[in-house]
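Counting in the UniProt record's numbering, the sequence shown tops out at residue 211, every number present.
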Amino acid sequence: DALPIYSCVYKCVCQQHSEQMYCDLITKITSHLRRVSEELQVSPPDVYIERFNAALSQYMGALQSIVPLFIYMNKFYIETKLNRDLKDDLIKLFTEQVAEKHVSTLMPLLIEAQSTPFKITPSTMANIVKGLYTLRPEWAQMAPSLFSKFIPNILPPALECELSEYAAQDQKLQRELMQNGFARGDQSRKRAGEELMYNGSTSCASARGFR
């Protein structure tokens, strides 16, 4: 039940304990994120992407509960005295304590997974790429082709001479789908193949053209 926490935060703010409460919260979350980073550090490459995705998803999901609980502290201390926002501060914590330390390891694995059909699910790839872009948009320049599949306007508009190359890439993906057993008669696999082909087509459209 979140009500006792909400009530406690309200009383602390009224009693002028906002600064100490904020420092305690940041210290606690920083300690947690350091443990998360250490666990990722020893993760083998074959599960690294999935574990990073889990850490990112769990943290962003937790913010949906943490930020409302501390709404009074945010309104009467962080916004008014620090001229910041609690959610922004907590996202920055994840960026500094986890993402910054692992992006140089994560990015090559994502690029490799992109070129290896079915290595990770499209939803996992999309969640990580969009998450990294939210944390730090300039990271898109580390792998612009990858980010352009999920984030619009990353690449400059395509030239007419490049259209045939995009068509060839789509045809190659379709051949790989067939080679991996995505036959026309297998409806369950067909749907998965169509999802990936749709994502590929979307990327080409974006190139022609969340924070």
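We put the CB at the ideal spot given by N, CA and C, even for glycine.
Grouping DSSP H, G and I as helix and E and B as strand, with all else coil, what is C8? helix
Counting only the same chain and skipping the five closest in sequence on each side, list residues whose C-beta sits under 8 Å from that of I154. A140, P144, F147, S148 and S206
Of the choices S115, T30, S57 and K130, whose alpha-carbon is the least far from that of K172? S115
Kindly give me the distance between the Cβ atoms of L33 and F94, rounded to whole angstroms, as I take these residues to be in contact under 8 Å. 6 Å
When DSSP labels each residue in this structure, what does K190 get in the three-state scheme? Confidence in K190 is poor, its pLDDT being 43 and thus under 50, which makes the residue's placement unreliable; the coordinate value appears in the next sentence. Residue state, collapsed to three classes: helix.
Looking at the structure shown, is I151 part of a helix, part of a strand, or coil, going by DSSP? coil
With L56 and I128 assumed to form a contact (beta carbons below 8 Å), what rounded beta-carbon distance in angstroms separates them? 7 Å
Expected contact under 8 Å - CB spacing of L69 and I26 to nearest Å: That pair is no contact at about 15 Å.
Own chain, CB closer than 8 Å to G185, minus 5 neighbours either side, in chain order: Note that G185 has pLDDT 43, beneath the 50 cutoff, so the model's placement of it is unreliable and no number is given.
Classify S104 as buried or exposed, calling it buried when 16 or more other Cβ atoms lie within 10 Å of its own Cβ. That one is exposed.
Helix, strand or coil at D89 [DSSP, three-state]: Residue state, collapsed to three classes: helix.
Please confirm whether E50 and T124 have their CB atoms less than 9 Å apart. yes
If I measure Cβ to Cβ from S164 and keep anything under 6 Å in the same chain, skipping five residues before and after, which residues do I get? none
Counting pairs of Cβ atoms below 8 Å between the region 105-113 and the region 80-97, do you hit three or more? Segments in contact, no.
For L3, which residues from the same chain have a beta carbon less than 8 Å from its beta carbon, with the 5 sequence-adjacent residues on both sides left out? So no residue of the chain qualifies.
Determine the direct distance from the alpha carbon of N53 to that of R175, and round the result to whole angstroms. 29 Å
Where the alpha helix (DSSP H) through Y22 begins and ends: S18 to Q41
Quick check on DSSP: helix, strand or coil for D46? helix
Mapping the DSSP letters down to three states, classify K172 as helix, strand or coil. helix
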